[in-house]
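Accompanying notes for the structure given below.
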Amino acid sequence: MSSSKSNNGPRQVPPPPNSRAGNNAYTRFIPREELQGFASWMPNTFGDNPTAQSSVRAAVPEPEPVSTESAAAIIQAQMHAARQDGYRDGYRDGLVALESFKQSFAQQLAGQFGLVLTNFDHELGALEQHIATSVSRIATQLARQVVRSELTARPELVVQVAIDAVNAVLMSARQITVYVHPEDQAMIAGGAGEVLAARGARLVSQPNIDRGGVLIESDAGTVDARISARWNQAVQALGTQVDWTPGDD
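Residue numbering for the sequence shown follows this note's numbering, starting at 60 and increasing by one per position.
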């Protein structure tokens, strides 16, 4: 009974010697005669199966044919969409270009206007200076005419000029000589005789002295009270260049 089981059932092969049977799971070698109903498998088995390929092709639906009218409509829609995209892109780019042009144009105008305003300011300043100089010169010329008219109308003013000039001489001065115009000598002698005598001054007529003026010389210095000298001092203080020239108006 035991021998028949061993002949028909699977053969029990003991584990190889020197193996750790107590620690590892039981393993055995299956002889070839015990293997039945198997075949070797290769990777190209499925690809070479025509039945499988036909089933795959049958699972993929065939595309439906498109009519000429539908194709034309699709092309027309695509062209319309492309035109709309081009219009939007062109409009956007045009706005960007316009904004850039406006900024550039504004900067250019600002630079030009700034230069114009700067030049205008310089020209206006020069014009104001020219007007101020002209007004000052005209006013000085008018003042010169007034002084001449006053000397002509009131020649006795030269007496006070002589007194002031003598008093301006240092008290320690000696050999004082007062030069006046011949037509003013008599008026000065009558109006300032006491002052001249007190300082020991000598009154001398000099034709080259303008009427209304006095020139005093002494050992201590000179006092120039001539009309031309006093006039030049006045116009220098005013910043004008109007000389005292008799008879040029």
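Built from N, CA and C at the ideal position, the CB exists for glycine as well.
As the structure is a prediction and not an experimental result, all values here were calculated from the model.
ask   = Taking the C-alpha atoms as reference points, what is the distance between R258 and I235?
value = 8 angstroms
ask   = V175: buried (16+ other C-beta within 10 angstroms of its C-beta) or exposed?
value = exposed
query = Taking the alpha-carbon positions, what's the R270 to V217 distance?
reply = 8 angstroms
message = Please classify G184 as buried or exposed, where buried requires at least 16 neighbouring CB atoms within 10 angstroms.
response = exposed
request  = Could you pull out every residue in the same chain whose Cβ sits closer than 7 angstroms to the Cβ of A248, ignoring the five residues on either side in sequence?
outcome  = L262
task = Would you list, in sequence order, the uninterrupted alpha helix (DSSP H) runs of no fewer than 4 residues that lie entirely inside the stretch 247-302?
result = 252-258, 286-297
request  = Output yes or no for whether 7 angstroms exceeds the beta carbon distance between A227 and V282.
outcome  = yes
message = For M246 and D180, what's the separation of their Cα atoms in angstroms?
response = 57 angstroms
ask   = Does DSSP classify T236 as helix, strand or coil?
value = strand
Cβ shell of Q171 (< 8 angstroms), same chain only, five flanking positions each side left out = none
query = Residues in its own chain within less than 7 angstroms of A224 by CB, not counting five upstream and five downstream?
reply = V273, I275, V282, A284
query = Beta-carbon separation of A279 and A232 under 7 angstroms?
reply = yes
query = Are the C-beta atoms of N267 and some chain C residue less than 7 angstroms apart?
reply = Going by chain labels, chain C is absent from the structure shown, which holds only one protein chain.
Cutoff 7 angstroms; reference P241; Cβ partners in own chain excluding five residues on either side = S264, P266
query = Taking DSSP as the reference, what is the three-state secondary structure of E215?
reply = coil
task = Assign V194 to one of three DSSP states: helix, strand, or coil.
result = helix
ask   = Quick one, are the C-beta atoms of A260 and V237 less than 7 angstroms apart?
value = yes
key: Exposure of V194, with buried meaning 16 or more beta-carbon neighbours within 10 Å   = exposed
ask   = If you check the beta carbons only, do A251 and I286 fall under 7 angstroms apart?
value = no
ask   = Roughly how many angstroms separate the alpha carbons of A136 and L154, rounded to a whole number?
value = 27 angstroms
ask   = Would V294 pass as a contact of Q200 if the rule is Cβ separation under 7 angstroms?
value = no
task = Determine the burial state of Q292: buried for a count of at least 16 other Cβ atoms within 10 Å of its Cβ, exposed for fewer.
result = exposed
query = Using the C-alpha atoms, what's the distance from T127 back to D152?
reply = 37 angstroms
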